[in-house]
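In what follows, a structure is listed as structure tokens, so that the remarks can point back to it.
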Amino acid sequence: MAKHSRKGASPVNTLAIETHGETQIVRLQRGKSNPMDAELVDELREAIREANIDPDIRGLILTGQPGFFSVGLDVKALYAYDREEMYDFWQALAALIAELSASPKPWVAAINGHSPAGGCVLALCCDWRVMAEGKYKIGLNELPVGIVVPAPIYALYAHVIGERRAHQYLLEGRLMPPQEAFACGLVDQVVPEAEVLATAQAQLNKYLALNPKAFQKSKQNLRAGLLQQLHAPFEPTFRSTLDHWWSPESRAAIAEMVERFSQKSG
Numbered sequence: 022m023a024k025h026s027r028k029g030a031s032p033v034n035t036l037a038i039e040t041h042g043e044t045q046i047v048r049l050q051r052g053k054s055n056p057m058d059a060e061l062v063d064e065l066r067e068a069i070r071e072a073n074i075d076p077d078i079r080g081l082i083l084t085g086q087p088g089f090f091s092v093g094l095d096v097k098a099l100y101a102y103d104r105e106e107m108y109d110f111w112q113a114l115a116a117l118i119a120e121l122s123a124s125p126k127p128w129v130a131a132i133n134g135h136s137p138a139g140g141c142v143l144a145l146c147c148d149w150r151v152m153a154e155g156k157y158k159i160g161l162n163e164l165p166v167g168i169v170v171p172a173p174i175y176a177l178y179a180h181v182i183g184e185r186r187a188h189q190y191l192l193e194g195r196l197m198p199p200q201e202a203f204a205c206g207l208v209d210q211v212v213p214e215a216e217v218l219a220t221a222q223a224q225l226n227k228y229l230a231l232n233p234k235a236f237q238k239s240k241q242n243l244r245a246g247l248l249q250q251l252h253a254p255f256e257p258t259f260r261s262t263l264d265h266w267w268s269p270e271s272r273a274a275i276a277e278m279v280e281r282f283s284q285k286s287g
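Just so you know, we're using this note's numbering here: the sequence shown kicks off at 22 and counts up by one.
Structure below.
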């Protein structure tokens with residue numbers, strides 16, 4: 022039987038969490054497209070912490086809502102943050118990326134829709150990725166949006182698709198359809214949308230059949246170099262990203278983007 026909330030946890034506003042036996046499904050659930058703001062980042066970090074220490078949870082699936090895994094950062098919300106709020110947000114986001122990547126338990130990303138930018142980053146942190154076929158796009162398009170790519174994001178991308186591709190794709194801000202993402206190794210399988218969750222569970226079951234301590238230690242060893250880069254000191258690593266965010270030309274470009282978003286939603 023599924024449990025539809027976390028044991029002893031405070032209610033969450035941006036996630037729907039279900040437990041089925043040894044599996045926990047963490048569903049991003051903020052608006053239609055799951056844009057990432059401070060609340061979503063904080064709640065996802067808390068879900069990871071709780072899952073890590075819960076002996077009844079052995080593996081997790083991260084997914085979104087039909088049509089959108091996550092559209093990435095909520096640029097409209099972030100544009101309204103002051104300098105302190107923005108600093109805190111990026112610090113929390115950097116911690117989320119490191120904590121999800123370092124989780125001792127297996128995580129499978131069930132990508133059931135568009136997954137650009139921050140959505141792609143969350144998927145990259147997982148151990149395995151299955152994506153719905155169709156007209157969806159995935160990739161890291163921070164640069165065309167005007168966000169300076171931090172070194173840990175490159176390290177995460179390169180860990181999955183290789184340094185040369187990661188370097189070129191980041192400079193292009195390349196978004197790609199599911200089959201292209203499969204061809205370059207960004208996702209591990211492409212299936213009809215109705216089969217995404219079941220496929221994710223089937224892969225997770227393969228991990229759960231392994232000795233959990235051996236899995237944990239092996240994952241730690243395989244990701245040692247990556248985790249070292251993800252745990253780099255925040256200030257020097259993300260300073261250029263923050264400085265550019267507050268530059269006059271960046272603020273003007275983001276303001277135009279927010280205005281376009283507002284017109285579309287209006």
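All C-beta atoms, glycine included, are put in the ideal place defined by N, C-alpha and C. Computed from a predicted model, the values in this text were never measured in an experiment.
Assuming Lys240 and Pro125 form a contact by the criterion Cβ under 8 angstroms, report the distance between their Cβ atoms to the nearest whole angstrom. Position 219 of the sequence shown holds residue 240. Position 104 of the sequence shown holds residue 125. Confirmed, Cβ separation roughly 7 angstroms.
Use the C-beta contact count for His41: other C-beta atoms within 10 angstroms, 16 or more gives buried, fewer gives exposed. Position 20 of the sequence shown, counted from the start, is the residue given in the question as residue 41. Flag for His41 reads exposed.
Secondary structure of Pro198, DSSP reduced to three states: Walking along the sequence shown from the start, residue 198 turns up at place 177. The DSSP-derived three-state label of Pro198 is coil.
Please report the straight-line C-alpha distance between Thr220 and Gly194, rounded to a whole angstrom. Counting from one through the sequence shown, the residue named residue 220 turns up at place 199. Counting from one through the sequence shown, the residue named residue 194 turns up at place 173. Approximately 29 angstroms between the Cα atoms of the pair.
In this structure, what does DSSP give as the bridge partners for Ala37? Stepping through the sequence shown from its first residue, residue 37 is reached at position 16. Answer by DSSP bridge pairing, in chain order: Arg48.
According to DSSP, simplified to helix, strand and coil, what is Ile174? On the sequence shown, position 153 is the one that residue 174 refers to. Residue state, collapsed to three classes: helix.
Spell out a yes or no on whether the stretch 127–135 and the stretch 147–156 are touching, meaning 3 or more CB-CB pairs, one atom from each, closer than 8 angstroms. Yes: at least three Cβ pairs fall under 8 angstroms.
Quick one: residues in its chain with C-beta nearer than 6 angstroms to the C-beta of Phe255, no 5 flanking neighbours on either side, listed in chain order? What you label residue 255 is simply residue 234 of the sequence shown in a count that begins at 1. If we look at Phe255 and ignore the five residues flanking it on each side, its Cβ neighbours are Gln112 and Ala115.
Expected contact under 8 angstroms - CB spacing of Val92 and Asn55 to nearest Å: Position 71 of the sequence shown, counted from the start, is the residue given in the question as residue 92. Position 34 of the sequence shown, counted from the start, is the residue given in the question as residue 55. Sure, about 6 angstroms apart at Cβ, within 8 angstroms.
Measuring only the C-alpha atoms, how far is Phe282 from Leu94? Within the sequence shown, numbered from 1, the residue matching residue 282 stands at position 261. Within the sequence shown, numbered from 1, the residue matching residue 94 stands at position 73. The straight-line gap from Cα to Cα measures roughly 13 angstroms.
Does DSSP put Leu94 in a helix, a strand or coil? Stepping through the sequence shown from its first residue, residue 94 is reached at position 73. Strand, per DSSP.
Tell me whether Arg70 is buried or exposed, calling it buried when 16 or more other Cβ atoms sit within 10 Å of its Cβ. Working through the sequence shown from its first residue, we reach residue 70 at position 49. By the neighbour-count rule (16 or more Cβ atoms within 10 Å), Arg70 is not buried but exposed.
Looking at the secondary structure, which residues open and close the alpha helix (DSSP H) in which Ser261 lies? In the sequence shown, residue 261 corresponds to position 240, counting from 1. Start and end: Phe255 to Trp266.
Following the continuous beta strand (DSSP E) through Pro137, name the residue where it begins and the one where it ends. By one-based count along the sequence shown, residue 137 stands at place 116. For Pro137, the uninterrupted beta strand (DSSP E) segment begins and ends at Gly134 to Pro137.
Would DSSP call Leu231 helix, strand or coil? To locate residue 231, count along the sequence shown from 1; it is residue 210. The three-state reading of DSSP puts Leu231 in coil, since its state is none of H, G, I, E or B.
Distance, Cα to Cα, Leu231 vs Tyr178? The count along the sequence shown starts at 1 and reaches residue 231 at position 210. The count along the sequence shown starts at 1 and reaches residue 178 at position 157. Rounded to whole angstroms, Leu231 to Tyr178 spans 26 angstroms at the Cα level.
Where do the ends of the alpha helix (DSSP H) carrying Ile118 lie? Here residue 118 refers to the residue found at position 97 when the sequence shown is read from its first residue. Here the alpha helix (DSSP H) through Ile118 covers Arg104 to Ala123.
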